[in-house]
Amino acid sequence: PLKIERGRQQLANLCRNLPNSYVILLLGGTEADFIKFKGENELPDSKFFFVGKVNYEVLPLFWEKGCASIVMYLPTYTNNRLCAPNRLYLSYFLGLPIIVNKNNPVLFDFINSYQAGGFIEDFAENPSDEFFNQLNTLIIEDSAKERLLATEKNKLKDIYSSIIDKAPQVDK
(Lines of atoms letter the chains of each structure in order from A and count residues from 1; the text may use other names and numbers.)
(Lines give C-alpha, C1' and ligand atoms only; values in the text may rest on other atoms or scores of the structure.)
Protein backbone atom coordinates (compact mmCIF):
# COMPACT_ATOMS: atom_id res chain seq x y z
CA PRO A 1 0.00 0.00 0.00
CA LEU A 2 2.98 2.34 0.29
CA LYS A 3 3.89 2.44 -3.37
CA ILE A 4 4.06 5.57 -5.51
CA GLU A 5 1.17 4.22 -7.59
CA ARG A 6 -0.97 4.02 -4.46
CA GLY A 7 -0.54 7.64 -3.38
CA ARG A 8 2.50 7.30 -1.12
CA GLN A 9 3.26 11.03 -1.06
CA GLN A 10 -0.37 12.02 -0.64
CA LEU A 11 -0.66 9.65 2.32
CA ALA A 12 2.43 11.21 3.90
CA ASN A 13 0.96 14.69 3.42
CA LEU A 14 -2.36 13.58 4.88
CA CYS A 15 -0.54 12.20 7.91
CA ARG A 16 1.36 15.46 8.50
CA ASN A 17 -1.90 17.43 8.64
CA LEU A 18 -4.15 14.81 10.20
CA PRO A 19 -6.18 16.20 13.12
CA ASN A 20 -4.94 14.97 16.49
CA SER A 21 -7.97 12.79 17.14
CA TYR A 22 -7.28 10.60 14.09
CA VAL A 23 -4.77 7.87 13.24
CA ILE A 24 -4.22 5.99 10.01
CA LEU A 25 -4.83 2.26 10.24
CA LEU A 26 -2.46 0.83 7.67
CA LEU A 27 -3.36 -2.60 6.33
CA GLY A 28 -1.09 -4.44 3.94
CA GLY A 29 2.56 -4.20 3.12
CA THR A 30 5.55 -5.12 5.19
CA GLU A 31 6.80 -3.62 8.41
CA ALA A 32 10.13 -2.83 6.72
CA ASP A 33 8.34 -0.77 4.02
CA PHE A 34 6.28 0.96 6.70
CA ILE A 35 9.37 1.90 8.74
CA LYS A 36 11.11 3.14 5.60
CA PHE A 37 8.06 5.20 4.61
CA LYS A 38 7.87 6.84 8.05
CA GLY A 39 11.59 7.54 8.08
CA GLU A 40 11.78 9.01 4.58
CA ASN A 41 8.85 11.30 5.31
CA GLU A 42 9.68 12.05 8.96
CA LEU A 43 6.27 10.88 10.14
CA PRO A 44 5.44 10.21 13.80
CA ASP A 45 4.56 6.75 15.08
CA SER A 46 1.58 8.26 16.89
CA LYS A 47 -0.27 8.87 13.61
CA PHE A 48 -0.28 5.22 12.53
CA PHE A 49 -1.53 1.84 13.60
CA PHE A 50 0.31 -0.63 11.38
CA VAL A 51 -1.16 -4.10 10.96
CA GLY A 52 0.48 -5.45 7.81
CA LYS A 53 -0.98 -8.09 5.56
CA VAL A 54 -4.51 -9.14 6.39
CA ASN A 55 -6.57 -11.91 4.89
CA TYR A 56 -9.24 -10.43 2.62
CA GLU A 57 -12.06 -12.11 4.55
CA VAL A 58 -11.18 -10.22 7.75
CA LEU A 59 -10.75 -6.76 6.18
CA PRO A 60 -14.32 -5.77 7.13
CA LEU A 61 -13.50 -6.38 10.80
CA PHE A 62 -10.81 -3.72 10.62
CA TRP A 63 -12.80 -1.32 8.45
CA GLU A 64 -15.77 -1.46 10.82
CA LYS A 65 -13.51 0.28 13.37
CA GLY A 66 -12.71 3.14 11.00
CA CYS A 67 -14.40 6.43 10.27
CA ALA A 68 -13.23 6.51 6.62
CA SER A 69 -11.35 4.40 4.11
CA ILE A 70 -8.48 5.63 1.93
CA VAL A 71 -8.40 4.16 -1.60
CA MET A 72 -5.85 5.72 -3.94
CA TYR A 73 -4.47 4.47 -7.26
CA LEU A 74 -2.96 6.13 -10.30
CA PRO A 75 -5.29 5.71 -13.28
CA THR A 76 -2.56 3.97 -15.27
CA TYR A 77 -1.85 1.35 -12.62
CA THR A 78 -3.09 -2.13 -13.65
CA ASN A 79 -4.03 -2.94 -10.08
CA ASN A 80 -6.50 -0.06 -10.29
CA ARG A 81 -8.82 -2.37 -12.19
CA LEU A 82 -8.36 -5.33 -9.85
CA CYS A 83 -7.80 -4.10 -6.34
CA ALA A 84 -9.33 -0.64 -6.04
CA PRO A 85 -12.90 -1.76 -6.85
CA ASN A 86 -12.77 -4.41 -4.12
CA ARG A 87 -11.71 -1.91 -1.48
CA LEU A 88 -14.01 0.77 -2.85
CA TYR A 89 -17.10 -1.44 -2.82
CA LEU A 90 -16.22 -3.05 0.50
CA SER A 91 -15.93 0.38 2.10
CA TYR A 92 -19.10 1.63 0.42
CA PHE A 93 -21.22 -1.33 1.46
CA LEU A 94 -19.94 -1.05 5.03
CA GLY A 95 -21.14 2.56 4.96
CA LEU A 96 -17.63 4.00 5.34
CA PRO A 97 -16.90 7.32 3.63
CA ILE A 98 -14.07 6.88 1.13
CA ILE A 99 -11.13 9.23 0.58
CA VAL A 100 -9.79 8.95 -2.98
CA ASN A 101 -7.46 10.78 -5.36
CA LYS A 102 -9.01 13.06 -7.99
CA ASN A 103 -6.66 12.06 -10.82
CA ASN A 104 -8.22 8.61 -11.06
CA PRO A 105 -11.38 9.09 -13.17
CA VAL A 106 -13.04 5.90 -11.93
CA LEU A 107 -12.59 6.79 -8.26
CA PHE A 108 -13.44 10.44 -8.91
CA ASP A 109 -16.68 9.57 -10.72
CA PHE A 110 -17.71 7.06 -8.07
CA ILE A 111 -17.34 9.55 -5.22
CA ASN A 112 -19.25 12.22 -7.16
CA SER A 113 -21.97 9.90 -8.42
CA TYR A 114 -22.70 8.24 -5.09
CA GLN A 115 -21.72 11.06 -2.70
CA ALA A 116 -19.60 8.45 -0.98
CA GLY A 117 -16.68 10.45 0.42
CA GLY A 118 -14.11 13.07 -0.36
CA PHE A 119 -10.87 13.81 -2.14
CA ILE A 120 -7.46 13.77 -0.55
CA GLU A 121 -6.50 16.80 -2.64
CA ASP A 122 -9.31 18.81 -1.01
CA PHE A 123 -7.88 18.03 2.41
CA ALA A 124 -4.37 18.91 1.18
CA GLU A 125 -5.62 22.32 0.00
CA ASN A 126 -7.43 23.03 3.26
CA PRO A 127 -6.27 20.71 6.06
CA SER A 128 -8.80 21.06 8.84
CA ASP A 129 -11.11 19.07 11.07
CA GLU A 130 -13.98 20.23 8.83
CA PHE A 131 -12.99 17.77 6.08
CA PHE A 132 -13.37 14.83 8.47
CA ASN A 133 -16.46 16.31 10.12
CA GLN A 134 -18.13 16.36 6.70
CA LEU A 135 -17.08 12.78 6.03
CA ASN A 136 -18.45 11.69 9.39
CA THR A 137 -21.86 13.16 8.58
CA LEU A 138 -22.17 11.21 5.32
CA ILE A 139 -24.80 8.53 5.44
CA ILE A 140 -24.74 5.92 2.72
CA GLU A 141 -28.35 4.83 2.45
CA ASP A 142 -29.37 1.24 1.76
CA SER A 143 -31.39 2.46 -1.21
CA ALA A 144 -28.23 3.92 -2.77
CA LYS A 145 -26.45 0.60 -2.26
CA GLU A 146 -29.37 -1.23 -3.89
CA ARG A 147 -29.31 1.14 -6.89
CA LEU A 148 -25.58 0.55 -7.31
CA LEU A 149 -26.05 -3.23 -7.19
CA ALA A 150 -28.88 -3.04 -9.73
CA THR A 151 -26.79 -0.85 -12.04
CA GLU A 152 -23.81 -3.19 -11.89
CA LYS A 153 -25.98 -6.28 -12.42
CA ASN A 154 -27.54 -4.66 -15.48
CA LYS A 155 -24.09 -3.89 -16.88
CA LEU A 156 -23.14 -7.56 -16.53
CA LYS A 157 -26.39 -8.68 -18.13
CA ASP A 158 -25.78 -6.31 -21.05
CA ILE A 159 -22.25 -7.64 -21.53
CA TYR A 160 -23.43 -11.25 -21.55
CA SER A 161 -26.37 -10.43 -23.81
CA SER A 162 -24.08 -8.83 -26.36
CA ILE A 163 -21.84 -11.90 -26.30
CA ILE A 164 -24.81 -14.24 -26.66
CA ASP A 165 -26.24 -12.14 -29.51
CA LYS A 166 -22.98 -12.58 -31.43
CA ALA A 167 -22.92 -16.35 -30.98
CA PRO A 168 -23.70 -18.26 -34.16
CA GLN A 169 -27.12 -19.85 -34.47
CA VAL A 170 -27.18 -23.62 -34.47
CA ASP A 171 -29.72 -25.22 -36.79
CA LYS A 172 -31.69 -28.00 -35.18
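Residues in the sequence shown are numbered consecutively from 778, following the working numbering. Even glycine gets a Cβ: it sits at the ideal position worked out from N, Cα and C.
Residue from Tyr937, Leu795, Phe825 with nearest C-alpha to glutamate 968: Missing from the structure shown is residue 968; the chain here goes from 778 to 949 and no further.
Residues of its chain near leucine 925, where Cβ-Cβ distance is below 7 angstroms and the 5 sequence neighbours each way are ignored: Taking the first residue of the sequence shown as position 1, residue 925 is located at position 148. So the list reads Tyr891, once near-sequence residues are dropped.
Three CB pairs or more closer than 8 angstroms across the stretch 880 to 889 and the stretch 841 to 852: Output reads yes: the stretch 841 to 852 touches the stretch 880 to 889.
Contact belief for serine 846 with leucine 873 at Cβ below 8 angstroms, rounded distance in angstroms: Position 69 of the sequence shown, counted from the first residue, corresponds to residue 846. Position 96 of the sequence shown, counted from the first residue, corresponds to residue 873. About 5 angstroms; that satisfies the 8 angstroms criterion.
Cα-Cα separation, serine 798 to serine 920: Within the sequence shown, numbered from 1, the residue matching residue 798 stands at position 21. Within the sequence shown, numbered from 1, the residue matching residue 920 stands at position 143. Approximately 31 angstroms, taken between the alpha carbons.
Segments of 3+ residues assigned as beta strand (DSSP E) that fall wholly inside the stretch 804 to 833: List check, beta strand (DSSP E) in window: 825 to 829.
Nearest residue (CA-CA) to isoleucine 897, options Asp935, Pro837, Ile875: Translated into positions along the sequence shown, residue 897 becomes position 120. For isoleucine 897, the nearest C-alpha among the options comes from Ile875.
Residue from Leu820, Gly805, Leu803 with nearest C-alpha to cysteine 792: Here the question's residue 792 lines up with position 15 in the sequence shown. Distances from the alpha-carbon of cysteine 792 to those of Leu820, Gly805, Leu803 put Leu820 closest.
Local conformation of leucine 802 per DSSP, three classes: Numbered from 1 along the sequence shown, position 25 holds the residue referred to as residue 802. DSSP places leucine 802 in the strand class (E or B) of the three-state scheme.
Backbone secondary structure at valine 883 - three-state DSSP: What you label residue 883 is simply residue 106 of the sequence shown in a count that begins at 1. Helix, per DSSP.
Whether leucine 867 touches glycine 895 by CB criterion (9 angstroms): Translated into positions along the sequence shown, residue 867 becomes position 90. Translated into positions along the sequence shown, residue 895 becomes position 118. Taking 9 angstroms as the cut-off, the beta carbon of leucine 867 is found no closer than this to the beta carbon of glycine 895.
Per DSSP, the bridge partner or partners of valine 877: Within the sequence shown, the letter at position 100 stands for residue 877. Valine 877 is bridged to Val848, Phe896.
Closer than 9 angstroms to chain B by CB, asparagine 931: Absence of chain B from the displayed structure is noted, only one protein chain being present.
Between the CA atoms of valine 877 and proline 801 - distance to the nearest angstrom: As a position in the sequence shown, residue 801 is number 24, starting the count at 1. As a position in the sequence shown, residue 877 is number 100, starting the count at 1. Here the sequence assigns isoleucine to residue 801, which means proline is not the residue at that position. A direct Cα-Cα distance of roughly 14 angstroms separates isoleucine 801 from valine 877.
Rounded distance between the beta-carbons of leucine 788 and valine 831, thought under 8 angstroms: Your numbering for residue 831 matches position 54 in the sequence shown. Your numbering for residue 788 matches position 11 in the sequence shown. Actually they do not touch by this definition, with Cβ atoms about 17 angstroms apart.
Burial state of valine 835, where buried means 16 or more other Cβ atoms lie within 10 Å: Mapped onto the sequence shown, residue 835 falls at position 58. With a threshold of 16 other beta carbon atoms within 10 Å, valine 835 falls short and is exposed.
Continuous alpha helix (DSSP H) stretch holding glutamate 918: start and end: Translated into the one-based positions of the sequence shown, residue 918 becomes position 141. Unbroken run through glutamate 918: none, as it is neither H nor E.
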